[in-house]
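Sequence order for the protein chains is A and B.
All residue numbers for the first sequence refer to this note's numbering, where the first residue is 1 and numbers rise by one.
All residue numbers for the second sequence refer to this note's numbering, where the first residue is 1001 and numbers rise by one.
Backbone N, C-alpha and C define an ideal beta-carbon position, used for all residues, glycine too.
Treat the numbers as computed from the prediction; the structure is a model and nothing was measured.
Protein chains: 2
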Amino acid sequence: MKLTAGELKVMQLLWQYGEMKPAEIQEKFPEAIKNSALRSYLSILLEKGHVKRRQVGKAYFYSAKTKERRAFQSMVTDLIEMFCGGSKKSLVMTLLEHEDLTREQLLELSRIAAENAAQHAKCEAKPAGKKSNRTNNRGASHE
Amino acid sequence: MKLTAGELKVMQLLWQYGEMKPAEIQEKFPEAIKNSALRSYLSILLEKGHVKRRQVGKAYFYSAKTKERRAFQSMVTDLIEMFCGGSKKSLVMTLLEHEDLTREQLLELSRIAAENAAQHAKCEAKPAGKKSNRTNNRGASHE
DNA sequence: GGCATTGTGCAGGTTTTTCTGCACATTGCG
DNA sequence: CGCAATGTGCAGAAAAACCTGCACAATGCC
Chain A
1 MKLTAGELKV MQLLWQYGEM KPAEIQEKFP EAIKNSALRS YLSILLEKGH VKRRQVGKAY
61 FYSAKTKERR AFQSMVTDLI EMFCGGSKKS LVMTLLEHED LTREQLLELS RIAAENAAQH
121 AKCEAKPAGK KSNRTNNRGA SHE
Chain B
1001 MKLTAGELKV MQLLWQYGEM KPAEIQEKFP EAIKNSALRS YLSILLEKGH VKRRQVGKAY
1061 FYSAKTKERR AFQSMVTDLI EMFCGGSKKS LVMTLLEHED LTREQLLELS RIAAENAAQH
1121 AKCEAKPAGK KSNRTNNRGA SHE
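Structural data, given as C-alpha cells:
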C-alpha cells in the first residue's frame, strides 16, 4: 500500500468529492499548493495505481482507484504492529483507556462491542466470515 | 513529533529494551541492517531530540528521550484526523465493527468501556483529569 | 609487538518525496 | 487578430530518508 503524507491528502479529497481535475483538487487542498506540485503528486499516484484518470476535452479528470477502507486498514495495521504487539484488541484498549472519550461515548462503544460479540456468537467456528454492516459510518463527522 | 519508519523501529527497540549501544540495537533490529546505517538513524534521532546518549568508555549508550505514549498518541491523532473526521470515537467504532476481533475480545472490550464510563461518572465536569491505570498494558503481547 | 575485535567519525552516495519553472497548446472574448 | 485564462508535459531542483565505505582509535589476546 504505502501512501505518503502528500499523496494521502490528495486521496482524501478524491474519496470525499469524487472525480476532479487538478485545479479543483488544488482549490480544495488543505494548504496552499502550486498546481505543478499537485500534478506531480497525481502522476506519482497514477504510477502507483492509486488513481485513474479520464480525458475530457483537453483536461484530465482524476478519481481514486484505491478504496479508502483499504488505505485505512493498512495504516491501522501498521500502527498496531508497531505499537500494540500486533493485537487489534490492544489498540482498542489503549484508545478506550487513555484517550479522552466522554461517558456517553464509552457507553455507546461498550454497547456496540457487546452487539458485535453477540453477532459473533451466531457464526461460531467460522473465523473468517464477518461483517454485518449495520452502522457503517466513517469518513466524516459524527461526534 | 514525526518519526519515519526507520526511526520508529529504533525507538521501538529502545522503548522495549532500554539503554543500548549501536551494536546491540543492530542485533535486535527487525531486519538486517548495517552498523553504519543504524548509526545514521541514531544521529538523526539525536538531532531531533528523540534519543539521548551517554558515553561509557569509548562507547555510547543510547536511550529513548521521547516517550512511547507520546509517539503513539501522535500517530493515532494523525490517523484520526485523516480518516475519522477528528473523532476518536469513530476510530474505535471502525475498529470494533470492521476488524476481526473474537467474541471474547469484544466482550472484554465492552466491559472495559463500561468500566471507563463508570469511572467518568465519578469525576463529572472535569474534562481534563483522567486515567486510573488499572490495567496498563501495551507495547507487547497480550493476545 | 602484531593483530583481530569493537567501537566511533564522517564524508559521501542513492532513492524517494516534495516542489518549481517554463514551454506550449487550446479556448473564449474583446 | 491579440491576448488572458486554463490546461498539459516535462525536466528537473531541493530536501528528506535511507544507506555505504573507510579511516582510525582503543582494547584484548597471542
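| request: Evaluate glycine 1129/B with the Cβ neighbour count: other Cβ atoms within 10 Å of its Cβ, from every protein chain shown; 16 or more gives buried, anything less gives exposed. | output: Annotation note: pLDDT 43 at glycine 1129/B (below 50); position unreliable, coordinate value reported separately. Exposed.
| field | Segment limits, alpha helix (DSSP H) that includes alanine 64/A | value | Run containing alanine 64/A: none in the alpha helix (DSSP H); it sits in the beta strand (DSSP E), 59 to 64.
| request: In angstroms with no decimal places, state the Cα-to-Cα distance between alanine 1117/B and threonine 102/A. | output: 7 Å
| request: Could you work out which residues of chain B lie near arginine 103/A, taking near to mean beta carbons separated by less than 9 Å? | output: Asn1116, Ala1117, Ala1118, Gln1119, His1120, Ala1121 and Glu1124
| request: Starting from lysine 1052/B, trace the beta strand (DSSP E) both ways and give me its first and last residue. | output: 1051 to 1056
| query | Terminal residues of the continuous alpha helix (DSSP H) containing isoleucine 1025/B? | reply | Taken as a continuous stretch (DSSP letters only), the alpha helix (DSSP H) holding isoleucine 1025/B covers 1022 to 1028.
| Once you ignore the five residues that flank alanine 1071/B on each side, which residues in its own chain have a CB closer than 8 Å to its CB? | Apart from sequence neighbours up to five positions away, the residues of its chain that approach alanine 1071/B with a beta-carbon distance below 8 Å are Met1001, Leu1003, Leu1008 and Met1011, ordered along the chain.
| query | How many angstroms separate the CA atom of lysine 1122/B from the CA atom of alanine 1032/B? | reply | If you take the alpha carbons of lysine 1122/B and alanine 1032/B, they lie about 51 Å apart.
| Measuring CB to CB, does serine 1095/B end up less than 8 Å from isoleucine 1080/B? | First, the amino acid is wrong: residue 1095/B is leucine here, not serine. Against a cut-off of 8 Å, the Cβ pair of isoleucine 1080/B and leucine 1095/B comes out as no contact.
| task | Pull up the CB-CB distance for valine 51/A and alanine 64/A, whole angstroms please, since I reckon it's below 8 Å. | result | 6 Å
| said: Determine, for isoleucine 1033/B, whether the minimum Cβ-Cβ distance to residues of chain A falls below 8 Å. | reply: no
| How big is the Cα-Cα spacing for leucine 1046/B and alanine 5/A? | 23 Å
| query | What does a CB cutoff of less than 7 Å around glutamine 26/A pick up in its chain, not counting 5 residues either side in sequence? | reply | Ile33, Asn35 and Leu38
| query | Three-state secondary structure (DSSP) at aspartate 1100/B? | reply | coil
| Can you tell me the Cα-Cα spacing of serine 1110/B and methionine 1075/B, whole angstroms? | 24 Å
| Contact residues within the stretch 75 to 88 of chain A, judged by C-beta distance below 8 Å to chain B | Met75, Val76, Leu79, Met82, Phe83, Cys84, Gly85, Gly86, Ser87 and Lys88
| Which residues bound the alpha helix (DSSP H) around serine 40/A? | 35 to 48
| query | So with Cβ pairs under 8 Å, would you call isoleucine 1025/B a contact of chain A? | reply | no
| request: Can you pull the chain A residues whose beta carbon is under 7 Å from the beta carbon of glutamine 1012/B, in chain order? | output: From the beta-carbon of glutamine 1012/B, the residues of chain A found nearer than 7 Å are Met82.
| query | Along chain B, in chain order, which residues have C-beta atoms closer than 8 Å to that of isoleucine 44/A? | reply | Here the premise fails: no neighbours, minimum Cβ distance about 18 Å.
| Based on Cα-Cα distance, which residue from Gly85/A, Pro22/A, Ala113/A and Lys89/A lies nearest to valine 40/A? | In the sequence under discussion, the amino acid at residue 40/A is serine, which differs from the valine named in the question. Ranking the options by Cα distance to serine 40/A, first place goes to Pro22/A.
| query | What residues from chain B crowd round alanine 113/A, counting only those whose CB sits closer than 7 Å? | reply | For the C-beta of alanine 113/A, the chain B residues within less than 7 Å are, from N- to C-terminus, Leu1096, Leu1106, Leu1109, Ser1110 and Ala1113.
| task | Sort Val1056/B, Lys1089/B and Ala1114/B by Cα distance to aspartate 100/A and report the nearest one. | result | Lys1089/B
| task | Grab me the residues of lysine 1028/B's own chain with a C-beta within less than 6 Å of its C-beta, minus the 5 sequence neighbours each way, in chain order. | result | Leu1013
| Cβ pair tyrosine 1017/B, leucine 1042/B closer than 8 Å | No, the Cβ-Cβ distance between tyrosine 1017/B and leucine 1042/B is not below 8 Å.
| Between tryptophan 15/A and the rest of its own chain, which residues show a CB-CB distance below 6 Å, the 5 nearest in sequence each way excluded? | Ala64 and Glu68
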